[in-house]
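Okay, so the sequence shown: first residue is 0 according to numbering that gives the first Met the number 0, each after it adds one. Reviewing the structure listed below.
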Amino acid sequence: MKNWFTNNRGDLPPFVHNRRLRRIMMFISLIVIYGIVISFLYNLVASIILIVISVVGLIFTIVMMNEISSDTNRYITDLSYRIHRGEEESLLEMPIGVMILNEHGLVEWVNPYLIKYFKEENLLGRNLNDVDHDFQQLIIKYEESDEFHTITWHDHKFTMLVQKEYNSVYLMDITRYANLEERYNEEQISVGQIFLDNYDEITQSMTDQEISNLSNYVTNELATWSQKYGMYLKQIDDDHFFLLAYAKSLTAIENDKFNILDTVRETTSKQNFPLTLSIGIAYGEDDLNNLADQAQSNLDLALGRGGDQVVVKSLDGTARFYGGKTNPMEKRTRVRARMISQALNELMSDSDQVFVQGHTRPDMDSLGACLGIRRIAQMNNKKCWIVLDKEKVHSDIQRLLEATKKYPEIADSIITPSEAMAKVTDSSMLIMVDHSKPTISISEDLYKRMSSKVVIIDHHRRGEEFPENPMLVYIEPYASSTCELITEMFEYQPHEEEPINRIEATAMLTGIFIDTQRFSMRTGTRTFDAASYLRSAGADSDEMQQFMKENIDSYLQRNHLISKVEFFHKDMALIVGEDDQVYDPVTAAQACDSLLTMSGVDASFIITKRSDGKVGVSARSTGAVNVQIIMERMGGGGHLSSGATQLEDKTIEDVKKLLLETIDHIDDNE
0 MKNWFTNNRG DLPPFVHNRR LRRIMMFISL IVIYGIVISF LYNLVASIIL
50 IVISVVGLIF TIVMMNEISS DTNRYITDLS YRIHRGEEES LLEMPIGVMI
100 LNEHGLVEWV NPYLIKYFKE ENLLGRNLND VDHDFQQLII KYEESDEFHT
150 ITWHDHKFTM LVQKEYNSVY LMDITRYANL EERYNEEQIS VGQIFLDNYD
200 EITQSMTDQE ISNLSNYVTN ELATWSQKYG MYLKQIDDDH FFLLAYAKSL
250 TAIENDKFNI LDTVRETTSK QNFPLTLSIG IAYGEDDLNN LADQAQSNLD
300 LALGRGGDQV VVKSLDGTAR FYGGKTNPME KRTRVRARMI SQALNELMSD
350 SDQVFVQGHT RPDMDSLGAC LGIRRIAQMN NKKCWIVLDK EKVHSDIQRL
400 LEATKKYPEI ADSIITPSEA MAKVTDSSML IMVDHSKPTI SISEDLYKRM
450 SSKVVIIDHH RRGEEFPENP MLVYIEPYAS STCELITEMF EYQPHEEEPI
500 NRIEATAMLT GIFIDTQRFS MRTGTRTFDA ASYLRSAGAD SDEMQQFMKE
550 NIDSYLQRNH LISKVEFFHK DMALIVGEDD QVYDPVTAAQ ACDSLLTMSG
600 VDASFIITKR SDGKVGVSAR STGAVNVQII MERMGGGGHL SSGATQLEDK
650 TIEDVKKLLL ETIDHIDDNE
């Protein structure tokens with residue numbers, strides 16, 4: 000009987016230690032006592048029988064509760080043992096490496112899973128630096144972090160967690176999954192378009208045999224190149240190829256800097272048939288249709304920048320440029336100029352009015368192009384407004400505006416950005432000249448208002464920033480100036496209306512004259528044809544000289560800047576203005592141009608403070624150095640021989656350091 004009420008831990012029954020069972024027993028006891036008391040009041044015999052039954056019932060209840068309590072305790076004890084044993088076994092058997100160190104860096108314990116990655120099995124009590132220096136350095140590197148890190152150790156990939164407060168390190172081998180991920184990334188599909196830039200122009204004067212030999216050479220060279228890198232190449236047309244490649248192949252040819260461009264150009268040049276390639280490659284998308292569209296867009300970008308280069312870009316990524324080291328060759332035709340003119344005439348006929356604007360701080364090429372477009376619109380019986388901020392113009396533009404007062408129809412058509420916003424309608428058309436970046440337009444708000452009806456006419460290489468869906472794009476990096484492109488359009492306009500007048504011809508010829516640095520750079524036969532046309536249309540050389548005159552302040556500022564020249568890289572010149580002195584951008588650019596007249600200078604740069612608080616950089620080159628690439632790396636753009644950029648929130652010294660680092664980085668990757 001005693002065993003029913005006691006256990007080895009004390010005199011109390013086991014169930015008494017369980018609060019729930021204890022409360023149940025108290026409740027049953029109270030009910031029994033209450034029943035016995037009531038029965039004594041009515042019947043003694045029944046009371047005695049009830050007492051006997053109650054005692055037997057209580058004894059049975061206590062026995063059952065003791066068994067329940069004992070079973071529960073045994074279950075908990077067994078469960079605790081199994082959990083503890085599982086913890087011990089998991090530390091020994093689970094596929095996670097565990098190492099515990101003491102405060103002196105000695106190994107206190109390491110589980111069997113991790114031991115196999117060390118060259119020695121006897122680790123306990125040894126300094127980790129003596130056992131594996133690389134592993135200790137990894138621990139030191141990540142001991143302040145509470146996050147998992149992916150590491151490479153002994154040719155394996157691990158996720159690693161260092162708990163400094165417990166002196167413990169946890170590692171999981173993920174080599175297999177890392178290899179699968181790497182393989183997946185390497186086998187992502189890239190789509191490319193290859194175009195022979197000037198195939199039609201070159202083959203026009205060749206015999207059938209020469210054309211066949213040239214085609215065979217290019218096809219064989221491209222086929223060998225594609226096979227070398229494991230790519231699929233398919234010729235679509237005489238001058239067009241389709242390319243499929245894995246991501247690992249794309250990485251390899253990027254590391255090779257697309258040497259195929261130089262190979263084809265140099266070999267064909269030696270045969271007096273200089274042929275160049277343009278390539279657009281897209282990646283990072285599962286939908287092949289989207290990849291193909293992006294590849295075509297990248298090819299268009301490469302062609303818009305002058306050809307002889309590669310553009311690699313994902314749908315949402317940043318474009319990477321390769322090649323483009325040579326001056327673009329003049330390869331536009333009269334046919335293209337006529338087609339663009341006819342297309343422009345049709346777009347004008349569908350519009351109620353035309354707005355034309357150049358870039359901020361307009362030069363003679365920008366405003367001359369605006370005047371040319373205004374005349375073309377008038378020849379098509381359309382009203383054209385020239386958008387200009389007269390408060391932000393250089394002295395030569397001010398003299399031109401003063402001269403236009405003699406022509407009321409021109410002067411009245413020059414309006415401010417706010418006036419343009421008030422006049423624009425849903426049927427109006429916007430023409431952007433001498434630039435293709437909306438952010439450098441005279442009025443970016445006007446562009447946003449008319450973004451669905453935009454035409455671009457420019458001679459600068461197309462940059463990554465570009466209007467989404469322009470109605471017409473006429474970008475010819477081979478042209479000397481935008482005025483040259485627009486001059487060629489006059490031949491294809493209706494002749495019933497009044498032709499270009501003297502002031503318009505003079506302004507446009509001045510734009511060509513300045514952009515070519517007095518016909519010394521970027522000139523072709525078409526440049527002189529355009530100049531001849533404008534001269535015959537009444538361009539006044541004396542008035543040109545008046546427009547190009549600079550005031551005494553600009554002259555002194557330019558000479559002061561030139562006096563601050565310093566040389567680096569043997570063939571490069573640099574002018575750095577003062578941090579507290581603001582210089583006119585045109586004056587700074589003229590000083591930069593002047594440096595190219597010095598013997599031994601192949602490229603010149605100037606860094607000055609602008610009136611808007613930004614730091615401006617202008618770059619010029621004789622063609623031996625591609626300053627466009629340098630300026631693009633710094634957020635700007637331009638030509639191979641002319642470029643610029645503006646930087647915010649930086650000092651003159653910061654920009655100088657950035658410029659030199661950019662040049663060094665490009666040289667290191669050449």
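All C-beta atoms, glycine included, are put in the ideal place defined by N, C-alpha and C. No experiment lies behind these values; they were computed from the predicted model shown.
Tell me the rounded alpha-carbon separation between residue i and residue j.
i: phenylalanine 566; j: serine 417; result: 45 Å
i: alanine 402; j: methionine 547; result: 13 Å
i: glutamine 580; j: threonine 650; result: 12 Å
i: arginine 8; j: isoleucine 48; result: Low confidence applies to arginine 8: its pLDDT is 47, below 50, so where it sits in the model is not reliable enough to give any reading.
i: valine 62; j: isoleucine 37; result: 27 Å
i: glutamine 135; j: glutamate 146; result: 18 Å
i: isoleucine 413; j: serine 620; result: 34 Å
i: asparagine 558; j: threonine 607; result: 14 Å
i: asparagine 2; j: isoleucine 32; result: Confidence is the limiting factor: at asparagine 2 the pLDDT is only 48, short of 50, which leaves the residue's position unreliable, though a coordinate-based value still follows. So the alpha carbons of these two residues sit roughly 24 Å apart.
i: lysine 163; j: glutamate 142; result: 6 Å
i: threonine 151; j: phenylalanine 157; result: 6 Å
i: leucine 346; j: glutamate 220; result: 43 Å
i: glutamate 107; j: arginine 73; result: 35 Å
i: threonine 526; j: tyrosine 477; result: 10 Å
i: tyrosine 446; j: valine 600; result: 40 Å
i: methionine 0; j: isoleucine 23; result: Note that methionine 0 scores a pLDDT of 42, beneath 50, so its modelled location is shaky and nothing firm can be said.
i: isoleucine 485; j: leucine 387; result: 19 Å
Verify whether the separation of the beta carbon atoms of residue i and residue j is less than 8 Å.
i: tyrosine 491; j: serine 350; result: no
i: isoleucine 278; j: alanine 301; result: yes
i: phenylalanine 272; j: aspartate 238; result: no
i: leucine 639; j: glycine 622; result: yes
i: glycine 124; j: leucine 113; result: no
i: leucine 646; j: alanine 506; result: no
i: glutamate 185; j: alanine 246; result: yes
i: leucine 276; j: isoleucine 252; result: no
i: leucine 604; j: alanine 590; result: Looking at the sequence shown, residue 604 is not leucine but phenylalanine. Their beta carbons are not under 8 Å apart, which means phenylalanine 604 does not touch alanine 590 by this criterion.
i: valine 130; j: leucine 122; result: yes
Would DSSP call residue i helix, strand or coil?
i: aspartate 433; result: coil
i: lysine 115; result: coil
i: asparagine 126; result: strand
i: leucine 49; result: helix
i: glutamate 284; result: coil
i: tyrosine 406; result: coil
i: glutamate 265; result: helix
i: histidine 132; result: helix
i: leucine 658; result: helix
i: threonine 5; result: Confidence is the limiting factor: at threonine 5 the pLDDT is only 44, short of 50, which leaves the residue's position unreliable and the question unanswerable from this model.
i: tyrosine 231; result: strand
i: threonine 149; result: strand
i: glutamine 295; result: helix
i: alanine 623; result: coil
i: methionine 0; result: Residue placement at methionine 0 cannot be trusted, given a pLDDT of 42 that sits under 50; the coordinates are not used to answer.
i: alanine 643; result: strand
i: aspartate 663; result: helix
i: isoleucine 259; result: helix
i: isoleucine 456; result: strand
Could you check which residue in the options has the C-alpha nearest to that of residue i?
i: isoleucine 58; options: Gly34, Glu390 and Ser28; result: Ser28
i: glycine 306; options: Arg18, Ile139 and Asp261; result: Asp261
i: asparagine 556; options: Met378, Asp539 and Val575; result: Checking the displayed sequence, the identity of residue 556 turns out to be glutamine instead of asparagine. It is Val575.
i: isoleucine 30; options: Val353, Ser53 and Ser46; result: Ser53
i: methionine 450; options: Leu429, Ile441 and Thr438; result: This sequence places serine at residue 450; methionine is not what is there. With distances taken between Cα atoms, serine 450 lies closest to Leu429.
i: alanine 588; options: Leu560, Lys613 and Val600; result: Leu560
i: isoleucine 551; options: Ser394, Asn121, Val355 and Ser46; result: Ser394
i: asparagine 500; options: Gly615, Thr424, Leu370 and His459; result: Leu370
i: glutamine 352; options: Arg337, Met378 and Arg360; result: Met378
Using DSSP bridges, identify the partner residues of residue i.
i: glutamine 308; result: Gly322
i: phenylalanine 604; result: Leu573 and Ala618
i: methionine 236; result: The sequence shown places aspartate at residue 236, not methionine. Note: aspartate 236 sits in a beta bridge opposite His239.
i: serine 189; result: Ala244
i: glutamate 565; result: Leu573
i: valine 106; result: Leu100
i: cysteine 383; result: Val353
i: phenylalanine 194; result: His239 and Ser277
i: valine 161; result: Val168
Are there any heavy atoms of the ligand SAH lying less than 7 Å away from the beta-carbon of residue i, as far as the coordinates show?
i: threonine 505; result: This structure simply doesn't include the ligand SAH, nor any ligand for that matter.
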